[in-house]
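In my numbering, the protein residues as written are -8 to 417.
In this text, a Cβ means the ideal position worked out from N, Cα and C, and glycines have one as well.
Below: the structure, in structure tokens.
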Amino acid sequence: MAQPSLSELAATISANTAKIENYLRSHDLKSPSFDVDAPTGPLVPSDAPELEAARSELIDATLMLHDLILGPKEYLMKYTHDWLLSIQAITRFNIAKSIPIHEEASYVDLAKECGINELDLRRIIRHAMTLRLFKEPKKDIVAHTAASRMLAEDQQVADYVAVSSNEFWPAAAQTLDAMVKWPGSQEPNETGFALANNTDKSLFAVLSQDPQRARRFGNGMKAFTEGTGYDLQYVVNNYPWEGLGSGTIVDVGGSHGFTCIRLAQAFPSLNFIVQDLPPVVAVGEKSTPSELLDRIKFMAYDFLTEQPVKNADVYFFRWIFHNWSDKYCIQILRNHIPAIKKGARIVINDNVLPEPGSLPRWREERLRSMDLTMLELQNSRERELEDWAKLFEKADPRFIFKGGKQPAGANLWILEAVWEGDGTGE
């Protein structure tokens, strides 16, 4: 596909901007802004695919125009590492929370409040201002923008940013050394994260020993998974659950049972078992609506061991396999063979990597970045559709991979394999 000219990009930007502005105007909605009181929700509704397409094209075209105008040398010589430094400082020293939302603060007072040198604080904040975090309405006085206000008020987003700068960044910096030290490793404790933390333990083992760090990580991931395109409606509405009648679904690694709660509310004949580690399911059982507890049961289970629930209709995995290398994903699947009955299904809700260039570049970049993040943290990976097929084939040829689909508006795919062995696979 030929690269569009500058004028063609400008026309694309103008046309798609007009579509979004017309929508905002016709619904009496505010235009996006960097101002402290700007709207923080999605710019366009999730049930309007034509508007989301316009937004996506607009993002892609503006980024392409920006990069073309910079040229290759300026594009390559950006100080991107310093973005993380200023963001890390903002989260570590609680800078955003130290400024009242509709008020102002001097550098002198902020330095005292945050416990850091005034000159260092000034340098950090003025760099952050170039990223549209904070503003300086008058000399030496700091106030909030929309983004810095979100860091001050939305703890999930603040925790995600803290995890990104304090967990992901150090792990990324050590990943090449890990690749040299343990070439081709599929072990979750032979990673950039392990080197950065001077440990022989995996990410999840480290977090299990540090409750505060684990809380921050879990809360940060909620900000990510509760964002646009991850809503559980895509799972509820895009698989033939009603065809299971009064069957049983086992949600493997199902956390507090969020998926099963939504499914139980939509399909009153289905039964569910949520499996996760003991402390997790204990919380889930307490937080599940009491009227659903007759159909949603909780069970402590480590999916790296044999599956104890036999003859269920569906074994469901939401965002589990991308945390594990092929070696362990194959083990997880094989752990289900002694339990699974003929015709039962493995249903997976997870990422699928696109063919290069088949998505808008900014969307593909996010998926490719997630793939590298999994390498940094766990030696795990995101997978293309054919990789998923190979995973089932390697686990056991009696798993028949049926493919998958990505619901309109969703980030995750729904993938399915059927067990065609006789009886259980014992």
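*Which stretch, first to last residue, makes up the beta strand (DSSP E) that contains N262?*
N262 to D267
_Neighbour-count burial assignment, R207, 16 or more Cβ in a 10 Å radius_ = buried
_I need the DSSP call for D341, collapsed to helix, strand or coil._
strand
*Is it right to say G211 is buried, meaning 16 or more other beta carbons lie within 10 angstroms of its own, or is it exposed?*
buried
*Residues bridged to G395 (per DSSP)*: L406
*Candidates M290, E43, T239 and Y221: which alpha carbon is nearest G245's?*
M290
*What three-state label does DSSP hand V27 in the structure shown?*
coil
*Closest residue to G236 among P259, N229, Y225 and G218 (Cα-Cα distance)*: P259
*Leaving out five residues on either side along the sequence, give the residues of the same chain with a beta carbon under 6 Å from the beta carbon of A80.*
I115
*Can we say the stretch 175 to 191 touches the stretch 93 to 111, given the rule of at least three CB pairs closer than 8 Å?*
no
*Assigned secondary structure, K277 (DSSP; H/G/I helix, E/B strand, else coil)*: helix
_Once DSSP output is grouped into helix, strand and coil, what is the label at I240?_
strand
*Close Cβ partners of F312 (< 7 Å) along its chain, the five nearest in sequence each way excluded*: C320, I339 and D341
_Contained beta strand (DSSP E) runs [length at least 3] in the stretch 189 to 247, N- to C-terminal order_ = 239 to 243
*For P270, which three-state DSSP category applies?*
helix
*Taking the alpha-carbon positions, what's the A149 to R140 distance?*
10 Å
*Given A1, which residues of its chain have a CB within under 8 Å of its CB, disregarding the five upstream and five downstream residues?*
L56
_Where the alpha helix (DSSP H) through V171 begins and ends_ = W160 to K172
*Could you tell me the distance, in whole angstroms, from the CA atom of T296 to the CA atom of R336?*
19 Å
_Please report the straight-line C-alpha distance between K332 and R286, rounded to a whole angstrom._
21 Å
_I believe V27 touches A119 by the beta-carbon criterion, under 8 Å. Please report the beta-carbon distance rounded to the nearest angstrom._
With a Cβ gap of about 15 Å, V27 and A119 do not count as contacting.
*V300: first and last residue of the uninterrupted alpha helix (DSSP H) it sits in*: Per DSSP, V300 belongs to no alpha helix (DSSP H) and is neither H nor E.
_For a test of the three-state rule: what should DSSP assign to V154, helix, strand or coil?_
helix
*Indicate the three-state DSSP secondary structure (helix, strand or coil) for E178 in the structure shown.*
coil
*Enumerate in chain order the residues of its own chain whose CB-to-CB distance from F307 is below 6 Å, with the five nearest sequence positions on each side excluded.*
I240, D242 and V338
*Go through its chain and collect everything with a Cβ distance to L124's Cβ below 6 Å, but skip five positions before and after it.*
A138 and S139
_Residue of F159, V409, L223 and E282 minimising C-alpha distance to H72_ = F159
*The beta strand (DSSP E) spanning I132 covers which residue range?*
I132 to A134
_Check whether the stretch 159 to 168 and the stretch 49 to 65 are in contact - that is, three or more C-beta pairs closer than 8 Å._
no
*asked:* From the DSSP secondary-structure annotation, give me the bridge partner or partners of I287.
replied: F263
_Comparing C-alpha positions only, which one of T121, P40 and A102 sits nearest to K69?_
T121
*Quick one: grab the DSSP three-state call for R140.*
helix
*Would you tell me roughly how many angstroms separate the C-alpha atoms of A187 and L366, rounded to the nearest one?*
14 Å
*Segment limits, alpha helix (DSSP H) that includes E48*: P40 to L67
*Nearest-angstrom Cα distance between P270 and N314?*
20 Å
*How many angstroms separate the CA atom of T182 from the CA atom of I4?*
41 Å
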